[in-house]
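S.K.: Below is a structure I'd like to ask you about.
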Amino acid sequence: MSRYLGRKLLIYLLTFFLAVTIDWLIPRLMPGDPINVMISRLGPRNPQEVQLLREYYLKIFALDVPMWQQYINFWKSVFRGDLGRSTLFFPRPVLDIIKASVPYDILLLLPAILLSWFAGNNFGALAARRRWLDNTVLPLGYILTATPYMWLALLLAWALGIVAGIFPIAGAYSFDLRPHLSWRFIQDLLLHWFLPFLSLFMVMFGGWAIGMRNMIIYELEADYSRYLEALGAPQGLIRRYAFRNALLPQITGLALQLGTIVAGAVATEVVFAYPGIGNLIVQAIQNQDYFLIQGCFLFIILGVLLANLLIDIAYVIVDPRTRLGMTGEAA
Amino acid sequence: MLQVENLTVYYKTLRGYVRALERATFTVADGEIMGLAGESGCGKTTLGHSIIYLRPPMNYIEGRVVLDGQELPIWDMERMREFRYRHVSLIPQYAMNALNPTRKIGKMIAELLESREMNYDEILPELKRRLDLVQLSHDVLKMYPIELSGGMKQRTVMVVSTLLNPSLLIADEITSALDVSTQKAVCEMLVEFRDRGFVKSTIIITHDISILYQIADSILVMYAGQLSEKAPTETIFRDARHPYTQMLIGSLPKVGVRYQEERLRGIPGSPPQLLDPPPGCRFRDRCPVAFDRCVEVPPFLEISPGHFVACWRAY
Amino acid sequence: MLSLERVTKIYRLGAFGLKKLVAVRDVSFEIGEREIVSLIGESGSGKSTIGKLILRLIPLTSGTIRFEGMDISAMNSRCLKDYYRKVQGVFQDPFASFNPIFKADRIFRMVHDEFYPKMGAREWSEKVEGALRAVGLNPPDVLNKFPHQLSGGQLQRFLVARALLLDIRLLVADEIISMLDASTRVDVLNLLADLRARGLSILFITHDLSLGYYISDRAIILYRGRIAEMGPTERVYNRPLHPYTEMLMESVPRLDRKWEEEIRVEREGDAAISAVAGCVYAGRCPKAMDICTQQEPELREAETGHFVACWAK
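Chains as they are written, first to last, in my numbering: chain A, 1 to 331; chain B, 1 to 315; chain C, 1 to 313.
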C-alpha cells in the first residue's frame, strides 16, 4: 500500500514539475511582452521616458536577467508562495487577485458540479430502467451535453434576462452595491448567480445522465448480472449492484471536475461578466500579464493534481480491484 | 425428473428466424448426469439456456418443460424467477466473471439469499461444509473475487449454484477454459454433488466428448438444431446408430491413437445455415449413407431401452 | 535443423518495468529434419512464447536459437527474409490472421510482392493453386472470397498454403486447431502429417495431450517455462518419468479408460514464490523431497533420447 502510494506520489511530483515548467514557458512564448503593454497604457511622451520606464519595470519584474535565471527565480518564489505582482493590476500581488476571484468560482461551480452530478446520475439510472424515459428525455440529455456552454449561456441570458427581465445578466452583484453581509446583498448575489449556475448545471447534467445510463446498461449486461438473474435474483438486487459498479467511473469524473473548479468556467464567466478565475485568465492573456497567467495556471495545476491524487486514494478504498492490483497478486 | 417435450426455440434476427432448436423431446431421470454434446452452433447452448433463462433474442415457439411433475413457465422471465436457483440452477460458462467484483463473496451470497427470502445465517453451516468439500477455505467468504485464482472462482460458483439443492443443474461448458488437471477435479465434483444428492439431474453442455465419457451416464448428441441421438454413454461410444455420432466419435484424436497406425477421418462439408435450413434430416448433405427417405424429417425414436435416434437407417 | 540453447525470456511488467515475469527459462531442444515435435503445456507454461521467439516476433532475453547453424538473433534483414522463406508460423485464431475488409487471398499476393516480385501472373496463380490443392482446398471454391465467407478450417488451410508458397522447411503451428470444430480439426491434423511426409518439420504447440500423441514424433512437456520432460512421444506418454507428466496423463480424459474416482484438487502454486529456488513443481509435487525446494533439477537424459528434470529420477 505505501509502496503503491509512494510510486504514485513520485509520478505526481514529476507531473507537477513538468506542468509548472510549461506554465512558466507558455506566456514567454507569446508574441509581444507585458512591459510594452504597461508602458503604452501610461502613454509616455518621449523616447527617454519610454526607455526609463522600461528599465524601471524590467527591474521590478526581474525580467532583465537571463532566461535560465528567471526560471530558477520563478521556482524559488513558487516555494516561497510568492507569485509576483500583476502587470495589469499593478502593483497588486497576483495571489491577492486570485484570492479575490476564487470564492466566486467556488460559489458558482461547486453547487453546479455537485447538484448536476447527483441529479444526473439518478436520472441516468432511472432512464436505464424506464424505456419511455430513455426514449423521450435522454435525447434531450444528448442535446444538452453537446451544447457549447457559451451558447446555452447566451440563450438563457437573452430569454430570462433580456426578454423576460427576471434575472440580471452581468456581474456577481449590482454595480451600486459593495460586498457586505446583509440580506439585501445576499439576495442580489443569488439573483446574479442563478443564470450562470443554471447554464453550467444544464450542460453538466446532460453529460452525467448519459454517462450513468450507458454505464448501467453495460453493467446490467455484465456476466455477474446475468449470473444473478439466472439464479432468480430480483431486479432490485441486480440493479443495485449495477448502480454501485457504474458509479465508480462517475466518481472519478466528479473528482476531476472538482479539480477544475479553480480554473473557473471561462465561457460562462465571460458571457455573464462574472468575476471568477475564468474571466481573470482571459484578461491576463489579453494584456500579456505573465505573472497573473502563471499564477492562475499554477492554481489549476495544483487543483487538478490534488483531485487526481484524491481519486487514487479513494479508489483504493472503494474498489477492491485496485487494492489488490497494486500489490500485483491478482490471479 | 426433467421431461422436455417438443421444445422449439428460435432466434429472432432482422433477416428472420434462426431455427436454433427444433422439436427437442427427451427426459433426464433423477440422479442422471446427461451430457449434451455437439459442435458449435448445433443448439446445445440454446437448449440448455432455454430451460432456465429464455430471453431475447431467444424466442419461445412451442413445447413443454416439466420438472418433477410441474410445468416450468419458461416463456415468462418473471414467473420463471421463482423456479430458478431453487429448482433449476446454472453453472455458467463465464464462471470466472460470474461474481460481482466489488462485493465480498460471502456478502454477495447473503444478499442473494435474502433477496429470495432465505436466511444466510441458517444456510451458512451447510455453505461451509460444501466449501470444505470442494477444498476451499472458509476465508473465501471474506474475500473479493479478484483475490481468488481462476480455479477457486470456478469452485466457488459451483458451490453457490448448487447451494439450494436444485432438482436440475445445467453446467455450461464449464471445463473449456481449464487446464487438464483442474478439469478433472471440476468434473469429479459434479459427480460428487450428484452422489451426495445436492442435485438430482444434471445436464453438462460441452463440446469435449471425452469429458462426457468420463462422467456422464447418458449423452445427447445434437446436430444443426435437432436431436440426433441419445443413449447411455457406453452405447454412444460402442454402438452409436446415427451416422453423425459415429463419425464425430471416429474423428476424435485420443491418447493411444497415432496417425501412423490409425488415420482418423473428419466429416467433410459443413452444417447447413439455420436461417433457412433445407427440409428433412439436416445431416443429409454430409451423410455417407443418406437416401431418398432422408428428405423427410426422421423422428426421434426409441430403438432399444434408453436409446433414441433420429435416422431413417437406424429404425 | 533448429536448435534452442538455454533460451530464456523475461517479460518486464508494471509502470517502470520493475516487475519481471519469467516466461521461459533455460529451454534447450532441437528439431530435426522431417520431424514433428509437440510442445505441450498448460496455460502459463510459456509454450506460445517459445513459438514467438523462434519466429523472432519477440526478442530473446538470453540464449541462442540457431537455424541450420545460423544464430537467428544475429541475422540482418536480408538473412531474415531468407529465414522467413524457410520458417513460418500459423496461429490459434484464424479470423484474427486476416484483415476482414480485404479478400482472404490477399495474403498470397503479399507473399508474391515480398518474395517473388519477378514471377509472372500465370506462373504465380499456378503456384497458388498448387499450394491450395496441397492443403486439400479446391481453388475455385475458396479464391476471391472474404474471410467471413470461409470457415475456420478453410482459413487455417489458407495460412498453411501461404507458408507452402515459400521454400518452407519448418512450420510453427501454435494451437492451430483449438478453435476448430471437432469434425474438421482432425483433417487439419492429417494435413500436418502429410506435410511432414513432403519433408517439412513442424513444431506443434498445443495444450491438448491427445492431439500431441496423435501427431508427433517427439513430445516436450513444459511446466512454468521449463522443460519438465522430453522424449519420443510414446515413451513420454506411456512411461512418464516426471511427476507432473504422470499427473497430466492421469487427468487427461481418455476414451479407453475411466478416471480413478477421487477428487484431488491440485494445489495452485504461487508463481512469485516458486521462482526463487528449487524445482518449480515442488509445491504441487506428491513426491517432493528436501532437495526439490532448494536446488533446481537439470534436464538429464534418463534413457536414450528421453530427458527429465526431476531429482527423484
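Ideal Cβ positions, reconstructed from N, Cα and C, are used throughout, including at glycine.
None of the values given here were measured: they were computed from a predicted structure.
(1) Indicate whether at least one CB of chain C lies closer than 9 Å to the CB of residue 254 (chain B).
(2) Under 9 Å between C-beta atoms, does residue 42 (chain C) make it to chain B?
(3) Run down chain B in chain order and give the residues with a C-beta less than 9 Å from the C-beta of residue 228 (chain A).
(4) Do you know whose CA, among B:45, B:24, B:263 and B:28, lies nearest residue 1 (chain B)'s CA?
(5) Beta-carbon within less than 7 Å of residue 242 (chain A)'s beta-carbon, same chain only, minus the 5 sequence neighbours each way: which residues are those?
(6) Are there 16 or more other CB atoms within 10 angstroms of the CB of residue 296 (chain B), so buried, or fewer, so exposed?
(7) Output yes or no for whether 9 Å exceeds the beta carbon distance between residue 58 (chain B) and residue 9 (chain B).
(8) So, for residue 151 (chain B): in the same chain, excluding its five sequence neighbours on each side, which residues have a beta-carbon less than 6 Å away from its beta-carbon?
(9) Any contact of the stretch 205-223 of chain C with the stretch 46-56 of chain C, i.e. 3+ C-beta pairs under 8 Å?
(10) For residue 139 (chain C), which residues in the same chain have their Cβ closer than 6 Å to its Cβ, ignoring the five residues on either side in sequence?
(11) Going by beta carbon distance, what residues of the same chain come within less than 7 Å of residue 54 (chain A), once the five residues before and after it are set aside?
(12) Whose Cβ in chain C lies nearer than 8 Å to the Cβ of residue 386 (chain B)?
(13) At what residues does the alpha helix (DSSP H) containing residue 131 (chain C) begin and finish?
(14) Pick helix, strand or coil for residue 98 (chain B), following the three-state DSSP scheme.
(15) Between the C-alpha atoms of residue 234 (chain C) and residue 266 (chain B), what's the straight-line distance to the nearest angstrom?
(16) Are residue 281 (chain B) and residue 310 (chain B) closer than 9 Å when you measure CB to CB?
(17) Looking only at its chain, what residues have a beta carbon closer than 6 Å to the beta carbon of residue 128 (chain A), apart from the 5 residues adjacent to it on each side?
(18) Identify each residue in the stretch 236-253 of chain B for which the Cβ-Cβ distance to at least one residue of chain A is less than 9 Å, and report them in chain order.
(19) Take the Cβ of residue 42 (chain A) as the centre, count every other Cβ of all protein chains shown within 10 Å, and call the residue buried at 16 or more, exposed below.
(20) Expressed to the nearest angstrom, what Euclidean distance is found between the alpha-carbon atoms of residue 232 (chain A) and residue 115 (chain B)?
(21) Taking Cβ to Cβ, would you say residue 142 (chain C) is nearer than 9 Å to residue 65 (chain C)?
(22) Residue 132 (chain B) by DSSP, collapsed to three states: which one?
(23) Report yes if the C-beta distance between residue 88 (chain B) and residue 33 (chain B) is below 9 Å; otherwise report no.
(24) Residues in its own chain within less than 8 Å of residue 334 (chain A) by CB, not counting five upstream and five downstream?
(25) Given that residue 52 (chain B) touches chain A, what residues does it touch there, using C-beta distances under 7 Å?
(26) Whole angstroms are fine: how far does the CA of residue 86 (chain B) sit from the CA of residue 119 (chain B)?
(27) According to DSSP, is residue 241 (chain B) part of a helix, a strand, or is it coil?
(28) Check the Cβ of residue 223 (chain A) against every Cβ in chain B and list those closer than 8 Å, keeping chain order.
(29) Can you give, in chain order, each stretch of the beta strand (DSSP E) that sits fully within the stretch 169-228 of chain B and has at least 3 residues?
(30) Measure the Cβ-Cβ separation of residue 202 (chain C) and residue 172 (chain C) and say whether it is below 9 Å.
(31) With distances taken between CB atoms, is the gap from residue 275 (chain B) to residue 64 (chain B) smaller than 9 Å?
(32) How do the stretch 149-169 of chain C and the stretch 204-213 of chain C stand: do at least 3 beta-carbon pairs fall below 8 Å, yes or no?
(33) For my contact list, residue 239 (chain C) and residue 37 (chain C) are in at a C-beta cut-off of 8 Å; report their separation, rounded to the angstrom.
(34) Kindly indicate which three-state DSSP category residue 3 (chain C) falls into: helix, strand or coil?
(35) Which residues in the same chain as residue 275 (chain C) place their Cβ atom closer than 8 Å to its Cβ, once the five residues preceding and following it in sequence are excluded?
(36) Helix, strand or coil: how does DSSP classify residue 225 (chain C) here?
M.R.: This is what the structure holds:
(1) To locate residue 254 (chain B), count along the second sequence from 1; it is residue 254. Answer yes: the Cβ-Cβ gap between residue 254 (chain B) and chain C drops below 9 Å somewhere.
(2) Against the third sequence, residue 42 (chain C) aligns to sequence position 42. Yes, contact with chain B.
(3) Locating residue 228 (chain A) in the first sequence gives position 228, counting from the first residue. Neighbours of residue 228 (chain A) on chain B, chain order: 98, 100, 108, 112 and 115.
(4) Position 1 of the second sequence holds residue 1 (chain B). It is B:28.
(5) Counted from its first residue, the first sequence places residue 242 (chain A) at position 242. If we look at residue 242 (chain A) and ignore the five residues flanking it on each side, its Cβ neighbours are 216, 219, 220 and 225.
(6) Position 296 of the second sequence, counted from the first residue, corresponds to residue 296 (chain B). Residue 296 (chain B) is exposed by the Cβ-count criterion.
(7) The residue labelled residue 58 (chain B) in the question sits at position 58 within the second sequence. The residue labelled residue 9 (chain B) in the question sits at position 9 within the second sequence. Yes, the Cβ-Cβ distance between residue 58 (chain B) and residue 9 (chain B) is below 9 Å.
(8) Residue 151 (chain B) sits at position 151 when you count from the first residue of the second sequence. Cβ contact annotation for residue 151 (chain B) (same chain, cutoff 6 Å, sequence separation greater than five): 182, in chain order.
(9) Touching, yes, given that three or more Cβ pairs across the two stretches are closer than 8 Å.
(10) Locating residue 139 (chain C) in the third sequence gives position 139, counting from the first residue. The answer, listed in chain order, is 129 and 132.
(11) Your numbering for residue 54 (chain A) matches position 54 in the first sequence. If we look at residue 54 (chain A) and ignore the five residues flanking it on each side, its Cβ neighbours are 35 and 39.
(12) Since the first residue shown for chain B is 1 and the last is 315, residue 386 (chain B) is missing from the structure and cannot be characterised.
(13) Taking the third sequence and counting its residues from 1, one reaches residue 131 (chain C) at position 131. Its alpha helix (DSSP H) spans residues 121-134.
(14) Here residue 98 (chain B) refers to the residue found at position 98 when the second sequence is read from its first residue. Residue state for residue 98 (chain B) is assigned as coil, using DSSP reduced to three classes.
(15) Counted from its first residue, the third sequence places residue 234 (chain C) at position 234. Counted from its first residue, the second sequence places residue 266 (chain B) at position 266. Distance from the CA of residue 234 (chain C) to the CA of residue 266 (chain B), rounded to the nearest whole angstrom, comes to 24 Å.
(16) Here the question's residue 281 (chain B) lines up with position 281 in the second sequence. Here the question's residue 310 (chain B) lines up with position 310 in the second sequence. Cβ distance < 9 Å, so residue 281 (chain B) and residue 310 (chain B) count as in contact.
(17) As a position in the first sequence, residue 128 (chain A) is number 128, starting the count at 1. By the criterion of a C-beta distance shorter than 6 Å, residue 128 (chain A) is surrounded in its chain by 213, 216 and 217, once the five residues flanking it on both sides are discounted.
(18) Listed in sequence order: no entries.
(19) Here residue 42 (chain A) is taken as the residue at index 42 of the first sequence, counted from 1. Exposed, by the Cβ-count rule.
(20) Here residue 232 (chain A) refers to the residue found at position 232 of the first sequence. Here residue 115 (chain B) refers to the residue found at position 115 of the second sequence. Here the C-alpha atom of residue 232 (chain A) lies approximately 9 Å from the C-alpha atom of residue 115 (chain B).
(21) Against the third sequence, residue 142 (chain C) aligns to sequence position 142. Against the third sequence, residue 65 (chain C) aligns to sequence position 65. No.
(22) The residue labelled residue 132 (chain B) in the question sits at position 132 within the second sequence. Looking at residue 132 (chain B) - three-state DSSP - the assignment turns out to be helix.
(23) Along the second sequence, one-based indexing puts residue 88 (chain B) at 88. Along the second sequence, one-based indexing puts residue 33 (chain B) at 33. Note that the C-beta distance between residue 88 (chain B) and residue 33 (chain B) is not below 9 Å.
(24) Within the shown structure, residues of chain A are numbered from 1 to 331, placing residue 334 (chain A) beyond reach of any answer.
(25) The residue labelled residue 52 (chain B) in the question sits at position 52 within the second sequence. Within chain A, the residues near residue 52 (chain B) are 230.
(26) Position 119 of the second sequence, counted from the start, is the residue given in the question as residue 119 (chain B). Position 86 of the second sequence, counted from the start, is the residue given in the question as residue 86 (chain B). Their Cα atoms are separated by approximately 14 Å.
(27) As a first step, residue 241 (chain B) is located in the second sequence; it is residue number 241 there, counting from the start. Assigned with DSSP and collapsed to three states, residue 241 (chain B) falls in coil, not helix or strand.
(28) If you number the first sequence from 1, residue 223 (chain A) lands on position 223. When 8 Å is used as the limit between beta carbons, residue 223 (chain A) is near these residues of chain B: 92, 94, 97 and 98, in chain order.
(29) The qualifying runs are 201-206 and 218-223.
(30) Counted from its first residue, the third sequence places residue 202 (chain C) at position 202. Counted from its first residue, the third sequence places residue 172 (chain C) at position 172. The Cβ-Cβ distance between residue 202 (chain C) and residue 172 (chain C) falls below 9 Å.
(31) Walking along the second sequence from the start, residue 275 (chain B) turns up at place 275. Walking along the second sequence from the start, residue 64 (chain B) turns up at place 64. In this structure, residue 64 (chain B) does not lie closer than 9 Å to residue 275 (chain B) by Cβ.
(32) Touching, no, given that fewer than three Cβ pairs across the two stretches are closer than 8 Å.
(33) For the purposes of this step, residue 239 (chain C) is taken as residue 239 along the third sequence, with counting starting at 1. For the purposes of this step, residue 37 (chain C) is taken as residue 37 along the third sequence, with counting starting at 1. At roughly 19 Å, the Cβ-Cβ gap does not stay under 8 Å, so residue 239 (chain C) and residue 37 (chain C) are not in contact.
(34) Position 3 of the third sequence, counted from the start, is the residue given in the question as residue 3 (chain C). In this structure, residue 3 (chain C) counts as strand in the three-state DSSP scheme.
(35) Here the question's residue 275 (chain C) lines up with position 275 in the third sequence. With a pLDDT of 49 at residue 275 (chain C), under the threshold of 50, the modelled position of that residue is not reliable, and the figure given next carries that caveat. Correct list, in chain order: 22.
(36) By one-based count along the third sequence, residue 225 (chain C) stands at place 225. Of the three classes helix, strand and coil, the one that applies to residue 225 (chain C) here is coil, per DSSP.
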